[in-house]
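When we follow our numbering, the leftmost residue of the sequence shown carries the number 1, and every step to the right adds one. Here's the structure, in structure tokens; my notes come after.
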Amino acid sequence: MDFFIQSVKTGIRLFIILIKKLIKSLRTSNEELNEECEICDLFDVKYAQLLSHVGHEPLEWIPYDRFYDVKYVAKGGFGIVYRANWIDGYVDEWDDENQKWKRKGQNKFVALKSLNNSKNVTSEFMNEAILHHKVNNVFFIIRLYGVTKDPETENIMMVLDYAEDGSLKNYLNKNHHNLKWETKIDYLHNIAFGLELIHEKGLIHRDLHIGNILHMNREGRNTYITDMGLCKPADYDYNASAENSVYGVLPYIAPEILRHQNYTKAADIYSFGIIMYEIISGLSPYHDVDHDDDLARKICLGRRPSFNIKVPQMIVDLIKRCLDANPLNRPSAKEIHGIFEISDNQELQMQIEKNQLTVCL
1 MDFFIQSVKT GIRLFIILIK KLIKSLRTSN EELNEECEIC DLFDVKYAQL
51 LSHVGHEPLE WIPYDRFYDV KYVAKGGFGI VYRANWIDGY VDEWDDENQK
101 WKRKGQNKFV ALKSLNNSKN VTSEFMNEAI LHHKVNNVFF IIRLYGVTKD
151 PETENIMMVL DYAEDGSLKN YLNKNHHNLK WETKIDYLHN IAFGLELIHE
201 KGLIHRDLHI GNILHMNREG RNTYITDMGL CKPADYDYNA SAENSVYGVL
251 PYIAPEILRH QNYTKAADIY SFGIIMYEII SGLSPYHDVD HDDDLARKIC
301 LGRRPSFNIK VPQMIVDLIK RCLDANPLNR PSAKEIHGIF EISDNQELQM
351 QIEKNQLTVC L
């Protein structure tokens, strides 16, 4: 056990060294880039051996010419997302005999997420990369493979798993009328499980909304949390920082955050409650009013979305708890995950099968 703990600590130190080398390499000229990457490779052998024992693959610096058929997908607040084919594929496991990583998924689709005005590596970008790597092998979190650099814009880009169906929001807009109750519960189970694992890592997502949930069917799983750009450690002191402003999509922001109180895991739970409403109802929260200061004030005074369909009482009760004005009254992600283990929750199954539903919220 002592060796394992020491290996983890050493792996973390080497990971920090690699990140520093990556930052330096991204800032250098093209002539210097290969030299810097060779330095990274020297560390990569020991780093890889350690990571192979603790279940992590490395973040890679991936030359842009290893991608082809790059196509625009969407534009967001922080940058642009493209789809591309990756010639080499991702590292899968460490080959002790040949002292290198084995690869899988040659020519697979990946998403390239650029960051606006990022010719130089920013702390925000590296924060997202490092924290994403912390949950990289976690179920229901979209996988990060590494980073690259767009030769035309010189913006750096994160290389992520590609979700063929796009966001869950887009998928629901097209398919909600065909979804069974079991499928909706499965979505909620997966998102709750992913959020539980993020919280277990000591992190808070801080920008959880249905646009940051991706839909793709992969290995029996269908929903994945993404966009860790605002993610922070749970003990991060927002009041002592210069970045304690309110960010996010208004309907998903907890009332205490609108009042400029500190972020806690309970703020993510409030966001999950709104996601529950949207998955169950098929409607965007507060779809019939402007998302402005007036709505923010009403949310702080207790306004919440309401259903126009029949819903299992257990779901109604859980949403109410998630959206409680008092963060201390909200359930944990672990408790929510347990509720949505439908195979073990006979009461929820019975309410769905026997149509014991209510419209109260």
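Where is the CB? At the ideal position from N, CA and C, for every residue including glycine.
DSSP-derived helix/strand/coil call for residue i
i, result
"R304", "coil"
"G282", "coil"
"L33", "Unreliable positioning characterises L33 in this predicted model, as indicated by a pLDDT of 41, which lies under 50. A coordinate reading is not provided."
"N178", "helix"
"D95", "strand"
"Q349", "helix"
"V316", "helix"
"Y224", "strand"
"Y90", "strand"
"E341", "coil"
"A267", "helix"
"K100", "strand"
"I62", "coil"
"I309", "coil"
"I253", "coil"
"R259", "coil"
"R297", "helix"
"R330", "coil"
CA-to-CA distance, residue j to residue i, given in whole angstroms
i, j, result
"G282", "N173", "7 angstroms"
"E353", "E182", "10 angstroms"
"M350", "K180", "15 angstroms"
"F109", "G166", "13 angstroms"
"K149", "K310", "49 angstroms"
"A74", "E97", "42 angstroms"
"A163", "I213", "10 angstroms"
"S284", "E278", "6 angstroms"
"E152", "P255", "42 angstroms"
"S271", "L328", "15 angstroms"
"F67", "A111", "11 angstroms"
"I299", "Y252", "10 angstroms"
"A266", "P331", "8 angstroms"
"E196", "N222", "17 angstroms"
"A84", "Y145", "13 angstroms"
"D69", "N155", "18 angstroms"
"P58", "F340", "33 angstroms"
"V159", "D65", "13 angstroms"
Chain-order list of residues whose beta-carbon lies under 6 angstroms from that of residue i (same chain, five-residue window excluded)
i, result
"N116", "G79"
"G273", "I319, C322, L323"
"E347", "none"
"V81", "V73, A74, A111, K113"
"I210", "L168, K169, I275, E278"
Close-in-space but distant-in-sequence residues of the same chain around residue i (CB under 7 angstroms, 5 per side omitted)
i, result
"A296", "L250, L258"
"F193", "F139, F140, H337"
"V45", "For V45, the predicted structure reports a pLDDT of 38, less than 50, and the residue's modelled location is therefore unreliable. The matter cannot be settled from this model."
Spatial neighbours of residue i in its chain, beta-carbon cut-off 8 angstroms, leaving aside the 5 residues before and after
i, result
"M276", "L188, I315, L318, I319, C322"
"I184", "Looking at the sequence provided, one finds Lys at residue 184 rather than Ile. For K184, where only same-chain residues beyond five positions count, the Cβ hits under 8 angstroms are I279, I280."
Counterpart residues of residue i in DSSP-defined beta bridges
i, result
"N85", "Y68, F109"
"K75", "I80"
Next on the checklist: Report the start-end ranges of each beta strand (DSSP E) in the segment 142–215 that is 3 residues or longer and not cut off at the edges.
Outcome noted: 144–149, 156–161
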